[in-house]
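Reading through the structure tokens given below for one structure.
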Amino acid sequence: MTTPALLPLSGRRLPPLNLGASAFPHHRATLRLSEKFILLLILSAFITLCFGAFFFLPDSSKHKRFDLGLEDVLIPHVDTSKGGKNLGGFLIHGQGHDEHRHREEEERLRNKIRADHEKALEEAKEKLKKSRDEIQAEIQTEKNKVVQELKKKDSKPLPPVPLPNLIGINSGEPADPDIREKRNKIKEMMKHAWDNYRQYGWGHNELKPIARKGHSTNIFGNSQMGATIVDALDTLYIMGLHDEFREGQEWIDKNLDFSVNSEVSVFEVNIRFIGGLLAAYYLSGQEVFKIKAVQLAGKLLPAFNTPTGIPWAMVNLKSGVGRNWGWASAGSSILAEFGTLHMEFVHLSYLTGDPVYYNKVMHIRKLLQKMDRPNGLYPNYLNPRTGRWGQHHTSVGGLGDSFYEYLLKAWLMSDKMDMEARKMYDDAIEAIEKHLIRKSNGGLTFIGEWKNGHLERKMGHLTCFAGGMFALGADGSRDDKAGHYLQLGAEIAHTCHESYDRTTLKLGPEAFKFDGGVEAVAVRQNEKYYILRPEVIETYWYMWRFTHDPKYRQWGWEATQAIDKYCRVSGGFSGVKDVYSSSPTYDDVQQSFFLAETLKYLYLLFSNDDLLPLDNWVFNTEAHPLPVLHLANTTLSGNPAYR
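Numbering (full-length UniProt numbering) for the sequence shown: 1 to 643.
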């Protein structure tokens, strides 16, 4: 794999790429000023010409009068009894017309043109007195008005769909005062992260908390889409931070625009934006979130225009042109990216009644079912042109992870009716157990990576989510193996906790080895960083929900304290570059997923189980909760897209 700082490591996550300040000067503003000036001069010249022409018109009622469209000087009808006749838009007066009245009308016309001319010149003078910034602001205001009018014209009202029966969207307040205090501390951390983003990065995708300015990466293209706002909404809501939630809603309503010339990651925009907007809609019932989610989904659909229907990794939101990452195995699409669309797209079809979204993801599933899988494993790369696998690299971490997660969650979200998804999940997990899961010499269970017939004994932080996945999928597993998979989840949780515990900062590295005497420790310098990732805490939360073993809350609190001690800065929270250093340097990025996932999972870990109960909610891979779609729901069962 290429350098982690430059390339996407994961279906679940792409690491940050610092792009620096814009290199473009304000030449566009200067150009707009020149254009405005020229337009005003042309307008003035035109009015002067008209004025002059009318001044020197022959004063004769027997000559033709030009109809300039000025209603106050036109005669609305022709009285044929007095000899008048209409000749194709020009009016020729008969001799019975009053000459005096005619001259009065011409004088009134000249006065009107003179007044309009003087007014236009005055406006031009006023414009030229204004600064470039003021003129820019006026142009932008007019542009926004036009955009809003076009949106109103193009937007189709969505069909009314009753919300599913939503349970457990408030409270979860623990009775134990110690647990309540810890939960309040996590809420305070969320407030610190949000308030600083609000102050220093508002509208930008992410925050640089030390430089105190906005930040973005290549996954969002070159546009300011407010990724942190959309990603954080549901966390704010369940924490009861409703003023902050309304701030975010207002920004989305007024500023979130997808008609931008920007190339974005289909996967990342789906899990963060569509997932975040759908969750905010279900929690709050505010229609704006549903409308925005559907608008964005329409912009992603052109990515599926490939010979196989496997979508491109990236798509331009304006042109619809798609392409794949240049580094990805001979132009391949990535398993964890095209395989992590199902949850959101099924909900889109449910809410709109349009089967197109459901059909897109089901087509991907059908194609995968027909393909041979080496050793029963899914390779991470698939060519969207040929429909053939790329290099035989299989991972439950970066590039593969959330594909398996979404097979399980498709079954859960369907109220356990989608048995096709459950079978695909069970088959995949059996192959993973056989070929990828091993025990180290020290007794730590880990999940390696399969590369061209060889098992690499390395596990990524991203892979640590699998402990929670095994626990979540234990109920309903084959051959009464629920206990086995719950135990497997516990062993993965233990290994990932060790990767935290064996560092100086008590925060986990990006990847860790199990070679020789080295176990659960990062070896390479470029694998020693921690960028506020959630996967280990995610597994602690699932294990807590299914076992209520107090060690998971203890481990979660250790992580909370370490993040607050070593990642907190005055301007927010930052990742650190070396978890084995006692004086680490910061990467100066507050990731949007820190607010969406890390803090949400910590808050849920210290909340009662009646907050977002797992029988009623399924979390997408960005921790956005979507409701289970029960088949008993008449709207759903009557929806042809879902049937």
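Quick reminder that beta carbons are idealized off the backbone N, C-alpha and C, glycines included.
Of the residues the options, which one's Cα is nearest the Cα of residue i?
i	options	result
ALA303	VAL361, GLN554, PRO157	VAL361
LEU163	LEU256, GLU287, LEU241	GLU287
VAL518	ARG457, THR463, GLU268, MET413	ARG457
TRP541	ASP501, GLU491, SER607, GLY483	SER607
ILE229	GLU250, MET469, GLY473	GLU250
MET469	MET190, TRP411, GLY353	TRP411
LYS299	LYS254, GLY326, VAL356	VAL356
SER582	MET543, LYS528, ASN305, HIS624	LYS528
GLY571	GLN369, TRP194, VAL315	TRP194
ASN184	TYR603, ALA336, VAL618	TYR603
ASN526	LYS127, GLU188, TYR580, TRP327	TYR580
SER259	LEU317, LEU614, ARG524	LEU317
GLY353	ASP372, GLY320, LYS290	LYS290
LYS370	ASN359, LYS600, ARG388	ARG388
TRP617	ILE169, GLY556, LEU599, GLU433	ILE169
GLY339	GLU510, LEU278, GLU268	GLU268
GLY398	SER349, LEU348, ALA328, HIS435	ALA328
TYR266	PHE220, MET225, LEU278, GLY285	Tyr is not the amino acid found at residue 266; the sequence shown has Val there. Comparing Cα-Cα distances from VAL266 to each of PHE220, MET225, LEU278, GLY285, the minimum goes to PHE220.
GLY203	HIS342, GLY226, ASN218	GLY226
VAL569	ALA120, TYR197, ARG524, TYR282	TYR197
Assuming residue i and residue j form a contact by the criterion Cβ under 8 Å, report the distance between their Cβ atoms to the nearest whole angstrom.
i	j	result
ILE334	TYR406	Between TYR406 and ILE334 the Cβ distance is about 14 Å, and since that is not below 8 Å, they are no contact.
LEU507	ALA562	5 Å
LEU166	VAL294	Contact flag wrong, Cβ pair sits at about 20 Å.
residue 644	LEU472	The chain is shown from 1 up to 643; residue 644 falls before or after that span and cannot be answered.
LEU377	ALA431	5 Å
ILE238	LEU611	7 Å
ASP231	PHE593	7 Å
THR495	ALA520	6 Å
Which value, in whole angstroms, describes the spacing of the CA atoms of residue i and residue j?
i	j	result
LYS130	ARG108	34 Å
PRO374	HIS392	8 Å
LEU74	HIS100	Here the model assigns LEU74 a pLDDT of 38, short of 50, so the residue's position is not dependable and the matter cannot be decided.
PRO379	ASP401	11 Å
THR394	ASP234	33 Å
GLY172	ALA623	17 Å
ARG553	LEU605	7 Å
PRO209	CYS464	27 Å
SER440	GLU491	12 Å
PHE546	VAL346	27 Å
PHE273	ALA280	10 Å
GLU337	ASP427	20 Å
PHE90	HIS117	No answer about PHE90 holds up, because its pLDDT of 37 lies below 50 and its placement is not dependable.
residue 645	GLU420	Absent from the structure is residue 645, since the part of the chain shown begins at 1 and ends at 643.
GLU535	GLY442	23 Å
ALA596	GLY276	8 Å
SER332	ASN383	4 Å
GLY96	ARG110	Bear in mind that a pLDDT of 49 at GLY96, under 50, signals an unreliable position, so the model cannot answer this.
PRO613	ASP549	18 Å
ASP609	THR539	15 Å
LEU403	GLU142	Just to set this straight, residue 403 is Phe in the shown sequence, not Leu. Approximately 45 Å between the Cα atoms of the pair.
ARG32	GLN136	Reliability of the predicted coordinates at ARG32 is poor, the pLDDT of 44 falling under 50, and the value obtained from them is presented with this limitation in mind. Each residue's Cα considered, the two are about 8 Å apart.
MET413	GLY556	27 Å
VAL264	TRP325	11 Å
LYS565	PHE573	10 Å
THR445	ASP176	34 Å
LEU455	LYS292	44 Å
ASN452	LEU236	44 Å
LEU532	GLY575	6 Å
ASN222	VAL321	15 Å
TRP450	ASN359	31 Å
GLU181	HIS435	44 Å
GLN199	HIS242	18 Å
SER81	GLU106	Because SER81 carries a pLDDT of 41, less than 50, the predicted location of this residue cannot be relied on, and no value is offered for it.
PRO625	PHE619	4 Å
Practice problem: Tell me the start and end of each unbroken beta strand (DSSP E) in the segment 407-461 that is at least 3 residues and wholly inside, in chain order. | Solution: 437-439, 445-447, 449-451, 454-456, 458-460
Quiz item: Are at least three pairs of beta-carbons, each pair with one atom in the segment 580-597 and one in the segment 239-257, less than 8 Å apart?
Solution: Judged by Cβ distances under 8 Å, the segment 580-597 makes no contact with the segment 239-257, as fewer than three pairs qualify.
Exercise. Could you pull out every unbroken beta strand (DSSP E) segment of at least 3 residues lying fully inside the segment 211-280, listed in chain order?
Key: 213-215, 263-265
Self-check item: the segment 206-216 touching the segment 253-268, judged by at least three CB pairs closer than 8 Å
Solution: no
Quiz item: Do three or more CB pairs link the segment 309-319 to the segment 363-373 at distances below 8 Å?
Solution: yes
Quiz item: In chain order, which alpha helix (DSSP H) runs of at least 4 residues are fully inside the segment 534-617?
Solution: 535-547, 551-566, 599-605
Self-check item: Segments assigned beta strand (DSSP E), at least 3 residues, entirely inside the segment 306-361
Solution: 314-316
Practice problem: Only counting runs of 4 or more residues, tell me where the alpha helix (DSSP H) segments fall wholly within the segment 379-411, in order along the chain. | Solution: none
Exercise. Identify every run of the beta strand (DSSP E) within the segment 479-522, keeping only runs that are complete inside it and at least 3 residues long; order them along the chain.
Key: Runs found: 511-515, 518-521.
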